[in-house]
Amino acid sequence: MKVVTLLSGGLDSSLLACLLSEEMHEQFPLFINYGQINFKKEWEACVNTCNQLHLRQPELLDLGGYGKSIHSGLTNENLDIINDVFLPNRNALLLITASAYALQNGCTHVAIGFLNEANHIFPDQTRAFLNKMEELLYVSLAKRIYIMSPLISLDKIDIINLAKKKGLANTYSCHLGTEKPCGRCIACLEFLNSKNI
């Protein structure tokens with residue numbers, strides 16, 4: 085199966101790519117720059133993941149203007165990295181863009197690394213959201229592009245353990261883009277809290 089894999093270089097999406105690789109899917113890794121502060125570190129980790137998994141080089145799609153106009157702690161260093169972290173329609177933007185890339189490359193599926201929705205923070209991290217997006221894509225494209233989210237039943241601790249078992253290295257998940265993870269953004273806290281369970 086031909087799949088566009090949304091790959092950020094973080095632990096979740098890297099594990100997603102690893103599992104799809106093990107299932108022998110033909111992947112088209114796609115990295116989207118939406119103006120995130122940690123763009124350089126994420127891109128570097130994304131390339132590393134593709135190299136480690138022997139995937140084709142990722143496509144870098146630049147939508148950096150989105151984050152310049154739609155502000156969030158993810159895209160603006162003057163905003164709080166915890167309280168202002170929600171970026172409206174980020175996941176919709178990722179999926180709409182990935183579906184267009186899928187159509188361009190003859191892919192039938194788009195894969196995204198959503199985790200257990202019982203722990204979701206934002207409204208665009210649920211099965212209901214994915215189902216509605218799939219319908220929207222069909223209306224928009226007049227062709228079925230299916231959304232895969234094989235990690236959606238897993239908690240963060242499951243991801244950490246499975247990624248360790250698979251030997252995934254050089255991923256990057258901190259929202260601030262610092263050399264060492266900041267330890268205070270939502271991504272870092274999620275990781276630290278899971279390890280303390």
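All letters in the sequence shown, in the order written, are residues 85 to 281 by this note's numbering.
Just so it is clear, CB atoms sit at the ideal spot from N, CA and C, and this is done for glycine as well.
Original post:
Where does Leu139 sit, in a helix, a strand or coil, going by DSSP?
Top reply: coil
Original post:
According to DSSP, is Thr255 helix, strand or coil?
Top reply: coil
**OP:** Indicate the three-state DSSP secondary structure (helix, strand or coil) for Phe275 in the structure shown.
**Re:** Helix, per DSSP.
**OP:** Can you grab the Cα-Cα spacing for the pair Leu103 / Phe275, in whole Å?
**Re:** 20 Å
Subject >> Neighbour-count burial assignment, Pro207, 16 or more Cβ in a 10 Å radius >> reply: Within a 10 Å sphere around the beta-carbon of Pro207 sit fewer than 16 other beta-carbons, which makes this residue exposed.
**OP:** Excluding the 5 residues preceding and the 5 following Leu163 in the sequence, name in chain order all residues of the same chain whose CB lies nearer than 7 Å to its CB.
**Re:** His155, Ser156 and Gly157
**OP:** Give the single residue among Ile116, Gly261 and Thr255 whose Cα lies nearest to the Cα of Ile180.
**Re:** Ile116
Subject >> Three-way DSSP call (helix, strand, coil) for Tyr118 in this model >> reply: coil
**OP:** Please name the residue, chosen from Gly267, Phe123, Cys266 and Ala195, that lies closest to Lys86 on a Cα-to-Cα basis.
**Re:** Among Gly267, Phe123, Cys266 and Ala195, the Cα nearest to that of Lys86 is on Ala195.
Subject >> Exposure label - His193; buried when at least 16 CB within 10 Å >> reply: The residue in question, His193, is buried, as its Cβ has 16 or more Cβ neighbours within 10 Å.
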